[in-house]
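Notes to accompany the following structure.
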Amino acid sequence: MTNCPDRKIAVFSRKVGNDRRSSPRKSLGKCGTAEVNYQPCTSKGIANKLFMACCQLYVPEECHHMCQYETDQSVTRNMLTNMRKESQCRIKHLSSILYCASQNRDNRKCCLDLDLNAPQLQVGSRCLRMCDPSGTSIDRITKEDVTCLYNWNVIMYCHHAGIREM
1 MTNCPDRKIA VFSRKVGNDR RSSPRKSLGK CGTAEVNYQP CTSKGIANKL FMACCQLYVP
61 EECHHMCQYE TDQSVTRNML TNMRKESQCR IKHLSSILYC ASQNRDNRKC CLDLDLNAPQ
121 LQVGSRCLRM CDPSGTSIDR ITKEDVTCLY NWNVIMYCHH AGIREM
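Note that the UniProt record's numbering has the sequence shown beginning at 1, numbered continuously upward.
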């Protein structure tokens, strides 16, 4: 121990709440809130791992390609188009995908603040059910839902922003 003074201090001079074995806690502060435009608290990589872990439990394997927090609109449009064309991943699984994306959190405030119910969309508050899917079953897609799916990137952004802790 004499050749390792830092270790000696770490082992024998611990104060409560000053454990050097754990990584420093980063304050979550206001991340994921309107004050910072819902900037996510977790990295996209970690969030996608959480999303996929849930999907592996609740979503059929043929839909796992949808289990990512993709926020680029052209990419999300292609994902949804391929989902529909290949017809292996059925629309009835959207509820499970959205449930996993939300991590069972209500993210409607984010979706509201990002105008997912804007009058020009002409769907009222219909899209908001995709921002809080815990109690909503989405078994079929109507004409109004197509507008919501066109904004899948906004829905995924809000669900990612809603992850506050692990």
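Note that CB positions come from ideal geometry on N, CA and C, so glycine has one too.
Please read these numbers as outputs of a predicted model, since none were measured by experiment.
Query, Result
"Taking the alpha carbon of Gln120 as the reference point, which residue from Ala161, Thr142, His65 and Thr147 has its own alpha carbon closest?", "Thr147"
"Can you find at least 3 beta carbon pairs, one from the region 123 to 137 and one from the region 67 to 78, that sit closer than 8 Å?", "no"
"Alpha carbon to alpha carbon, how far is Ser95 from Asp115? Give it in angstroms, no decimals.", "21 Å"
"Go ahead and label Gln73 buried or exposed: buried means 16 or more other beta carbons lie within 10 angstroms of its beta carbon, across all protein chains shown.", "exposed"
"Pairs of beta-carbons, one from the region 78 to 91 and one from the region 99 to 115, closer than 8 Å: are there three or more?", "no"
"So, helix, strand or coil for Asn153, using DSSP?", "helix"
"So, with DSSP's three-state summary, where would you put Ser125?", "coil"
"From Ile46, Asn151 and Ser43, pick the residue whose C-alpha is nearest to that of Ala118; which is it?", "Asn151"
"Are there 16 or more other CB atoms within 10 angstroms of the CB of Thr81, so buried, or fewer, so exposed?", "exposed"
"Let's see if you can read the secondary structure: which residues bound the alpha helix (DSSP H) around Met52?", "Lys44 to Tyr58"
"Quick one, are the C-beta atoms of His65 and Ser102 less than 9 Å apart?", "no"
"Since Pro40 and Cys31 are thought to touch, with beta carbons under 8 Å apart, how far apart are those beta carbons, to the nearest angstrom?", "7 Å"
"Between the Cα of Val59 and the Cα atoms of Asn104, Lys85, Ile46 and Leu98, which residue gives the shortest distance?", "Leu98"
"Can you look up Leu80 in the DSSP assignment and give me helix, strand or coil?", "helix"
"Can you look up Asp113 in the DSSP assignment and give me helix, strand or coil?", "helix"
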